[in-house]
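Numbering-wise, this note's numbering comes out as the position in the sequence shown, counting from 1, plus 8.
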Amino acid sequence: MCQIPAPAGHETQLTEFVLRYVQQHQAQWHTAPKILAGSEFQDCIILVFGRPRTAVFAHLDSIGFTVRYGRQLVRIGGPVAETGYRLVGEDSQGAIDCLLVVDDHTGALSYDYHRDLDRGTELTFYCDFRETETTVQSCYLDNRLGVWNALRLCETLEHGIVVFSCWEEHGGGSVAYLAKYIYETYGVRQALISDITWVTEGVQPGQGVAISLRDSLIPRRAYVDRIRRIAAASGIPHQLEVEGSGGSDAKELQHGAQPWDWCFIGAPEDNVHSPDEIVDKRDVESMLALYQVLIKEL
Numbered sequence: 009m010c011q012i013p014a015p016a017g018h019e020t021q022l023t024e025f026v027l028r029y030v031q032q033h034q035a036q037w038h039t040a041p042k043i044l045a046g047s048e049f050q051d052c053i054i055l056v057f058g059r060p061r062t063a064v065f066a067h068l069d070s071i072g073f074t075v076r077y078g079r080q081l082v083r084i085g086g087p088v089a090e091t092g093y094r095l096v097g098e099d100s101q102g103a104i105d106c107l108l109v110v111d112d113h114t115g116a117l118s119y120d121y122h123r124d125l126d127r128g129t130e131l132t133f134y135c136d137f138r139e140t141e142t143t144v145q146s147c148y149l150d151n152r153l154g155v156w157n158a159l160r161l162c163e164t165l166e167h168g169i170v171v172f173s174c175w176e177e178h179g180g181g182s183v184a185y186l187a188k189y190i191y192e193t194y195g196v197r198q199a200l201i202s203d204i205t206w207v208t209e210g211v212q213p214g215q216g217v218a219i220s221l222r223d224s225l226i227p228r229r230a231y232v233d234r235i236r237r238i239a240a241a242s243g244i245p246h247q248l249e250v251e252g253s254g255g256s257d258a259k260e261l262q263h264g265a266q267p268w269d270w271c272f273i274g275a276p277e278d279n280v281h282s283p284d285e286i287v288d289k290r291d292v293e294s295m296l297a298l299y300q301v302l303i304k305e306l
């Protein structure tokens, strides 16, 4: 999945991959879901299992760059930018493999290539996927690991909703209508955010999945405390995260008109928003294990 380009606003290829994956594997899952996709949901997907009480949100999109005028580039979301990063894409003249250039004085972004690119072309980090006994490293683990976690959760899910959303990295825009549809159709109003967080001085790799007590927004404490009690009783390794910045699909849940509860639960990664994001496998394992428990208990 890390190799599939899906910059915010152009998630189509990853959407098609996920739909193919669901069609190919659902016969082996505990419960076959109702699949909601198509023009009324744009490039988003909703999978409904049994009698749902909780929805899991995982965003499909990634950061990247858009070709402006001349050789200028504009950020999609908040990618780290360093001269020499390898960028790939495709325009009317074919496949593109170019280099990112950052002006030392102004910080302006451009590309180095043997020809001019079509304006509006999206460029993403070249995928160099590396795996060791203990880690995975690549561009776009944020949020391909969140999508992976959601798809693996589908294998054992009996009752619940799994949502694959778009635009999260560049201000959101899909979760508002997805949340409204889910609330009005199924009465579900509690959510888990399957996304990837940061390694910080308080959240370390290999110590378990992070349960976020807050970021730039503050979830309802009663809901988060329920999750903490379930996590503690499960014995699954986890850490508590407290941040004053950052956000996720939860932004649109909290700002929406429906009374959604939410909690961000994700493995921590280092080298955030760069071509070299790295995550400890133990944290990925604990993330999936905790989701499997929470979706049953909440």
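Don't be surprised by glycine CBs; every beta carbon is placed ideally from N, CA and C.
Per the DSSP calculation, HIS246 is bridged to which residue(s)?
Here HIS246 is bridged, per DSSP, to VAL217.
Would DSSP call ILE53 helix, strand or coil?
The answer is strand: DSSP assigns ILE53 an E or B state.
Would you call the segment 150-170 and the segment 230-238 in contact, with 3 or more CB pairs under 8 Å?
They do not touch, by the three-pair rule.
Indicate whether the contact test is met: 3 or more Cβ pairs, each with one atom in the segment 240-247 and one in the segment 208-224, closer than 8 Å.
In this structure the segment 240-247 touches the segment 208-224; the number of beta carbon pairs closer than 8 Å is three or more.
Should THR74 go down as buried or exposed, given a rule of 16 or more other Cβ atoms within 10 Å for buried?
Buried is the call here.
Would you please state the rounded distance, in angstroms, between the beta carbons of LEU165 and PHE57? I believe it to be under 8 Å.
5 Å between Cβ atoms; contact.
So, using beta-carbon positions, are GLY97 and THR132 closer together than 8 Å?
Contact flag set, yes.
I need the straight-line Cα distance from ASP269 to LEU22, nearest angstrom please.
Rounded to the nearest angstrom, the two C-alpha atoms are 28 Å apart.
Alpha carbon to alpha carbon, how far is GLU163 from THR39? Give it in angstroms, no decimals.
A direct Cα-Cα distance of roughly 8 Å separates THR39 from GLU163.
Are there 16 or more other CB atoms within 10 angstroms of the CB of SER253, so buried, or fewer, so exposed?
By the beta-carbon neighbour count (other beta carbons within 10 angstroms, threshold 16), SER253 is exposed.
Which whole-angstrom value describes the C-beta separation of ILE127 and ARG76, a residue pair presumed to lie in contact below a C-beta threshold of 8 Å?
Residue identity differs from the one stated: residue 127 is Arg in this sequence, not Ile. Rounded to whole angstroms, the Cβ separation of ARG127 and ARG76 is 7 Å, and the two are in contact under 8 Å.
If I measure Cβ to Cβ from GLN198 and keep anything under 8 Å in the same chain, skipping five residues before and after, which residues do I get?
Cβ within range, chain order: ARG61, THR62, ALA63, TYR231, TRP268, ASP269, TRP270 and LEU306.
Sort out for me which residues DSSP pairs ASP278 with in a bridge.
Its beta-bridge partners are ILE286.
Looking only at its own chain, which residues have a Cβ that is under 7 Å from the Cβ of ASP278, when we skip the five neighbours before and after it?
For ASP278, where only same-chain residues beyond five positions count, the Cβ hits under 7 Å are VAL207, PRO213 and ILE286.
Determine whether the beta carbon atoms of PHE137 and THR205 lie at a separation below 8 Å.
Against a cut-off of 8 Å, the Cβ pair of THR205 and PHE137 comes out as no contact.
Mapping DSSP to helix, strand and coil, what is THR143?
In the structure shown, THR143 sits in a strand (DSSP, three-state: E or B).
Rounded to whole angstroms, how far is the Cβ of GLU251 from the Cβ of VAL183, which I believe are closer than 8 Å?
With 8 Å as the limit, GLU251 and VAL183 do not qualify as a contact, their Cβ atoms being about 20 Å apart.
N-terminal and C-terminal residue of the alpha helix (DSSP H) that ILE190 is part of:
Unbroken alpha helix (DSSP H) run through ILE190: 183-194.
Using the beta-carbon count (16 or more within 10 Å), is ILE104 buried or exposed?
With 16 or more Cβ atoms within 10 Å of its Cβ, ILE104 is classed as buried.
Is the segment 173-181 touching the segment 15-29 in the sense that three or more CB pairs, one from each, lie closer than 8 Å?
Contact holds: three or more Cβ-Cβ distances are below 8 Å.
LEU95 and TYR148: beta carbons closer than 8 Å?
No, they are not a contact pair.
Should GLU177 and SER256 be called a contact, given that it needs their Cβ atoms to be closer than 8 Å?
Their beta carbons are not under 8 Å apart, which means GLU177 does not touch SER256 by this criterion.
Can you tell me whether ILE226 is buried or exposed, with buried defined as 16 or more other CB within 10 angstroms of its CB?
Burial call: exposed.
Verify whether the separation of the beta carbon atoms of ASP203 and HIS67 is less than 8 Å.
It is a contact, given that the beta carbons lie within the stated cut-off.
How would you label GLN145, buried or exposed, when you count the other beta carbons within 10 angstroms and need 16 or more for buried?
A residue is called buried when at least 16 other Cβ atoms come within 10 angstroms of its Cβ; GLN145 meets this threshold and is buried.
Quick one: give me the first and last residue of the beta strand (DSSP E) that GLN198 is part of.
For GLN198, the enclosing beta strand (DSSP E) stretches over residues 198-202.
Return the chain-ordered list of same chain residues with a C-beta closer than 6 Å to the C-beta of LYS42, the five sequence neighbours on each side being excluded.
Cβ neighbours of LYS42 beyond the five flanking positions: VAL56.
If you scan the segment 30-83 from start to end, which runs of the beta strand (DSSP E) of 3 or more residues do you find wholly inside it?
42-44, 53-57, 63-67 and 72-75, all fully within the segment 30-83.
Once you ignore the five residues that flank VAL196 on each side, which residues in its own chain have a CB closer than 8 Å to its CB?
These residues qualify, in order along the chain: PRO60, ARG61, THR62, ALA63, ILE169 and ILE190.
Among ASP99, ILE219, ALA89 and HIS122, the one whose alpha carbon lies nearest that of ALA116:
The residue with the shortest Cα to Cα distance from ALA116 is ALA89.
For LEU27, tell me which candidate among PRO13, LEU298, ILE54 and TRP37 has the shortest Cα-Cα distance.
Nearest to LEU27 by C-alpha distance, out of PRO13, LEU298, ILE54 and TRP37, is ILE54.
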